[in-house]
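As you go down the protein sequences, you meet chains A and B in turn. The numbering of the first sequence is our numbering, which starts it at 4 and goes up by one. The numbering of the second sequence is our numbering, which starts it at 4 and goes up by one. We treat Cβ as the ideally placed atom computed from N, Cα and C, and that holds for glycine. What follows is a single structure, written as structure tokens, with notes after it.
2 protein chains.
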Amino acid sequence: MAKQLLFIPGPVTCASPVLDAMSQPMIDHRGPEFAALVARIEGGMKPIFGTSGDVVVLGSSGTGGLEAAVSSAFSPGQKVLSCPVGVFGKRLAKIASTYGLDVEMLETPLGSAVDPDALAARLRADAGHAIAGILLTHNETSTGVQNDMAALSAAIGTHPATVIVDSVSGLGASAFEMDAWNFDIVVTASQKALAVPPGAAMVAIGSRGWERVARATLPAFYLDLRKAREFSELGQTPWTPPVSIAYALDVAIARYHAEGAVRVYARHDRYARAIRAFAAAADLRIFSQPGAHSVTVVAMHVPAGLEASKIRAALRDRFDVVLGGGQAELKGKIVRMGTMGDLTPEDVRYGLESFATVLREQGHAAATSAAAIAGRAVLDETLVAAR
Amino acid sequence: MAKQLLFIPGPVTCASPVLDAMSQPMIDHRGPEFAALVARIEGGMKPIFGTSGDVVVLGSSGTGGLEAAVSSAFSPGQKVLSCPVGVFGKRLAKIASTYGLDVEMLETPLGSAVDPDALAARLRADAGHAIAGILLTHNETSTGVQNDMAALSAAIGTHPATVIVDSVSGLGASAFEMDAWNFDIVVTASQKALAVPPGAAMVAIGSRGWERVARATLPAFYLDLRKAREFSELGQTPWTPPVSIAYALDVAIARYHAEGAVRVYARHDRYARAIRAFAAAADLRIFSQPGAHSVTVVAMHVPAGLEASKIRAALRDRFDVVLGGGQAELKGKIVRMGTMGDLTPEDVRYGLESFATVLREQGHAAATSAAAIAGRAVLDETLVAAR
Numbered sequence: 004m005a006k007q008l009l010f011i012p013g014p015v016t017c018a019s020p021v022l023d024a025m026s027q028p029m030i031d032h033r034g035p036e037f038a039a040l041v042a043r044i045e046g047g048m049k050p051i052f053g054t055s056g057d058v059v060v061l062g063s064s065g066t067g068g069l070e071a072a073v074s075s076a077f078s079p080g081q082k083v084l085s086c087p088v089g090v091f092g093k094r095l096a097k098i099a100s101t102y103g104l105d106v107e108m109l110e111t112p113l114g115s116a117v118d119p120d121a122l123a124a125r126l127r128a129d130a131g132h133a134i135a136g137i138l139l140t141h142n143e144t145s146t147g148v149q150n151d152m153a154a155l156s157a158a159i160g161t162h163p164a165t166v167i168v169d170s171v172s173g174l175g176a177s178a179f180e181m182d183a184w185n186f187d188i189v190v191t192a193s194q195k196a197l198a199v200p201p202g203a204a205m206v207a208i209g210s211r212g213w214e215r216v217a218r219a220t221l222p223a224f225y226l227d228l229r230k231a232r233e234f235s236e237l238g239q240t241p242w243t244p245p246v247s248i249a250y251a252l253d254v255a256i257a258r259y260h261a262e263g264a265v266r267v268y269a270r271h272d273r274y275a276r277a278i279r280a281f282a283a284a285a286d287l288r289i290f291s292q293p294g295a296h297s298v299t300v301v302a303m304h305v306p307a308g309l310e311a312s313k314i315r316a317a318l319r320d321r322f323d324v325v326l327g328g329g330q331a332e333l334k335g336k337i338v339r340m341g342t343m344g345d346l347t348p349e350d351v352r353y354g355l356e357s358f359a360t361v362l363r364e365q366g367h368a369a370a371t372s373a374a375a376i377a378g379r380a381v382l383d384e385t386l387v388a389a390r
Numbered sequence: 004m005a006k007q008l009l010f011i012p013g014p015v016t017c018a019s020p021v022l023d024a025m026s027q028p029m030i031d032h033r034g035p036e037f038a039a040l041v042a043r044i045e046g047g048m049k050p051i052f053g054t055s056g057d058v059v060v061l062g063s064s065g066t067g068g069l070e071a072a073v074s075s076a077f078s079p080g081q082k083v084l085s086c087p088v089g090v091f092g093k094r095l096a097k098i099a100s101t102y103g104l105d106v107e108m109l110e111t112p113l114g115s116a117v118d119p120d121a122l123a124a125r126l127r128a129d130a131g132h133a134i135a136g137i138l139l140t141h142n143e144t145s146t147g148v149q150n151d152m153a154a155l156s157a158a159i160g161t162h163p164a165t166v167i168v169d170s171v172s173g174l175g176a177s178a179f180e181m182d183a184w185n186f187d188i189v190v191t192a193s194q195k196a197l198a199v200p201p202g203a204a205m206v207a208i209g210s211r212g213w214e215r216v217a218r219a220t221l222p223a224f225y226l227d228l229r230k231a232r233e234f235s236e237l238g239q240t241p242w243t244p245p246v247s248i249a250y251a252l253d254v255a256i257a258r259y260h261a262e263g264a265v266r267v268y269a270r271h272d273r274y275a276r277a278i279r280a281f282a283a284a285a286d287l288r289i290f291s292q293p294g295a296h297s298v299t300v301v302a303m304h305v306p307a308g309l310e311a312s313k314i315r316a317a318l319r320d321r322f323d324v325v326l327g328g329g330q331a332e333l334k335g336k337i338v339r340m341g342t343m344g345d346l347t348p349e350d351v352r353y354g355l356e357s358f359a360t361v362l363r364e365q366g367h368a369a370a371t372s373a374a375a376i377a378g379r380a381v382l383d384e385t386l387v388a389a390r
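See below:
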């Protein structure tokens, strides 16, 4: 298959050593080599989550990890406050309602982040603590919005609800402090900022999270966090794990720490700023509101008169550059360009120049090469300056 | 990692072209290349299942596939007749009871296959059709038992219960005729007879199966077969799929059909007969009853005075040969030697000779080289003769 430059928000372009690790021969998933492997993954993920609690690995996508959190943490009929800022936040709410939870929505206009004051006000009004759970999204790829998790943590304050955070497309790309922010269960997945092929979800659970899980009675089996913990203590997983993904995660986590979290954050931030600089110069309206921009994906309005599908097809067919389209009500209205994966500044530059060319050819005159140069200027910042 | 010869019943030794496929770069899982890939996998699996119905691919182990079947096919409180012949059959029953189904057990002594007459008698007694589901295991790796699925199909006859079959460790290794046998949902996984790394379950659903699924109300989200079907029609999966496993499945299914099902069946049968011939000559009692032997794994009693863990450790540490141990009440009592995976007759011969050496060294005098020769004789049968 021809190598494509993936600028979709997952699966992302993976580094060669990570891909090469995928081809290693199978081992016994109940043997000592696998136990050492899973221990390295769990241990290596803890600082990325910002936790000294437990991390378990599930053989699923991020959605499976979110279902694991919901079905392991709640009991039938409990009320949860869902705070979606797009498709993935609504999906998390849908998981909760599928299991018969009483889901209340804290509404946020599309393109905005959750207003911490609105969350705080709603929780203040819940003097009787009827709200048993709060469902948050760290980073929402459908809108290119990133919530201010420190502010949301402060807004929750001492409210005793179990806090579940979808950080599938956020974790690793910017600072995250699960313990300091008092989050109970945080979910991420292999194919995002860690830049591993999809197939594994990683779920971090703190001590209060485990207390809530111990009391929960919703049905859970394959995605049961209790079973995951029980087997994690033996250096195993309850069910046959995706061994190859574990090999790749092991390599990717070592690479992550070798690069250093601060540099990884700077890289994502720089690429996101470059794309936004390009968009501003090319007169492409950014969908996310100022102050709510994601560092892992930039959502841009399609210029009037152009078609998202044609832009994406031309980029893909002629330049091997793959952008994301809009989802749900944003289908056809936006295109999305991600920053995650093994992308060099040169890759991003090539992506932006290709994007400018296609936009111009399809009639958007503002996408001049000057626009691509605006993006390039951000990419050319030294790493030191970007820190 | 040193290459081991895996004789555990999954994960299994994978062929180099299958492992190499795992290292291919990522592609957009909502793009045309992935659609073509998933269509080849679904189409290639149909003859292996023996169905003209649908096949969907899930990002989970086989256990996840079984939960998908149960949670997608039933409604709260429905009665199911579970017919376990070991640990994995009991696990399927446990999935059903986790979801609040009313699970009745049809008991079978460990080491035996389900008695078709007992099943027929139980269903005849269910004149009011209170039994909404029947849970069967094709092949049970914990005991080395394989059920006669044609006979169980005949025993079910016209009873209208939804029939779910766990063929995780069976499918592909011997003839399976889902449509002819009137099974509604059949589940398998990548890391067994197909000899692909773990990470994907394949679920086949017939037209009556879909009717039952449409009426079912148990909660299902990540493992919801309805969503899997909806996205399969678009050449997609509802959630980000394990793309690399799909690459490997694609290669492995092509290899399967190139070898030809009849030859694949003969290979597994020959290896299983070789291990049983070895066991008989070495005075190792086979756990499965005559007529109930699996072609994918042979379970053998540990000789009196020997320890399973020591036998397995010596084989692993000195010969890189990995056998399975016993599970649950059979822990320490049996060792299990599988036949699945990319194993040559020479590999099986080496495995048996190593096994004989270790048994002899640990005090089991009957495991002479003559015993290994008995196994070798079966392996030396020509492929034509084995057909």
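What would DSSP say about A:LEU355, mapped onto helix, strand or coil? helix
What would DSSP say about B:VAL199, mapped onto helix, strand or coil? coil
Step through the CB atoms of chain A and report whether any lies within less than 8 Å of the CB of B:PRO28. yes
Does the pairing of the region 6–14 of chain B with the region 322–342 of chain B give three or more beta-carbon distances under 8 Å? yes
Suppose you measure from the CA of B:VAL59 to the CA of B:ALA261; what does that come to, to the nearest Å? Roughly 22 Å separates the two Cα atoms.
Per DSSP, what kind of secondary structure is B:ILE1 in: helix, strand or coil? The question about residue 1 of chain B has no answer here: the residues shown for chain B are numbered 4 through 390.
So, with DSSP's three-state summary, where would you put B:VAL171? coil
Do the CB positions of A:ALA164 and A:ILE188 come within less than 8 Å of each other? The beta carbons of A:ALA164 and A:ILE188 sit no closer together than 8 Å.
According to DSSP, is A:THR140 part of a helix, a strand, or is it coil? strand
Could you have a look at A:THR191 and say whether DSSP puts it in helix, strand or coil? strand
Length of the line joining the Cα atoms of A:LYS6 and B:MET29: 8 Å
In chain B, which residues lie with their C-beta within 7 Å of the C-beta of A:GLN239? Neighbours of A:GLN239 on chain B: none; closest Cβ ~13 Å, over 7 Å.
Roughly how many whole angstroms lie between the Cα atoms of B:MET181 and B:ILE137? 15 Å
Min CB distance B:ILE98 to chain A below 8 Å: yes
Secondary structure at B:LYS82, three-state DSSP: helix, strand or coil? strand
Given B:PRO14 as reference, the closest of B:ALA192, B:ARG363, B:GLU236, B:ALA38 once Cα atoms are compared: B:ALA192
Reducing DSSP to helix, strand and coil, say where B:HIS304 ends up. strand
is_contact[A:GLU180, chain B] using C-beta, thresh 8 Å: no
Under 7 Å Cβ-Cβ, which residues of chain B neighbour A:LEU22? SER26, PRO28
Out of B:HIS367, B:ARG270, B:ILE314, point me to the one whose CA is closest to B:ASP383's CA. B:ARG270
Residue(s) in a DSSP beta bridge with B:ILE51: Looking at the DSSP assignment, B:ILE51 forms no beta bridge with any residue, so it has no partner.
For a contact meaning CB atoms closer than 9 Å, what does A:PHE322 contact in chain B? The premise fails here: A:PHE322 is roughly 14 Å from chain B at the closest Cβ pair, so nothing lies under 9 Å.
Cβ separation of B:ILE159 and B:VAL73, assumed to be a contact under 8 Å, to the nearest whole Å: Here B:ILE159 is actually not in contact with B:VAL73; their C-beta atoms are around 18 Å apart, not less than 8 Å.
I'd like the list of long-range same chain contacts for A:ARG390, defined as Cβ closer than 7 Å, with 5 residues on each side in sequence excluded. In this predicted model, A:ARG390 has a pLDDT of only 42, less than 50, meaning its place in the structure is not dependable enough to derive any value.
Per-residue DSSP class, three states only, for B:ILE134: strand
Could you tell me which chain A residues have their CB closer than 9 Å to the CB of B:SER357, listed as they occur along the chain? Under the 9 Å cutoff, chain A gives no residues; its nearest Cβ is about 16 Å from B:SER357.
Cβ of B:GLY378 less than 8 Å from any chain A Cβ? no
Against chain B, does A:LYS49 count as a neighbour if the rule is that its beta carbon must be under 8 Å from one of theirs? no
Measure the C-alpha to C-alpha separation of A:ALA388 and B:LYS49 and round it to an integer number of angstroms. Note that A:ALA388 scores a pLDDT of 47, beneath 50, so its modelled location is shaky; the value from the coordinates is reported in the next line. Looking at the two C-alpha atoms, the distance is approximately 57 Å.
Under three-state DSSP, which class holds B:GLU107? Reduced to three states, the DSSP call for B:GLU107 is strand.
Where A:VAL41 and A:GLY238 are concerned, what is the direct C-alpha to C-alpha distance, given to the nearest angstrom? Taking the straight line from one Cα to the other gives about 6 Å.
From which residue to which residue does the alpha helix (DSSP H) around A:PHE69 run? What sits at residue 69 of chain A in the sequence shown is Leu, not Phe. From DSSP, the alpha helix (DSSP H) with A:LEU69 extends over 65–76.
Just grab the DSSP bridge partners of B:THR165 for me. B:GLY136
Who does B:VAL117 pair with in a DSSP beta bridge? B:VAL117 pairs with nothing; no bridge assigned.
Using beta carbons (cut-off 8 Å, strictly below), is A:TYR102 in contact with chain B? Chain B contact via Cβ: present.
Evaluate the contact criterion for the region 193–204 of chain A versus the region 242–254 of chain B: three or more CB pairs, one atom per stretch, below 8 Å. yes
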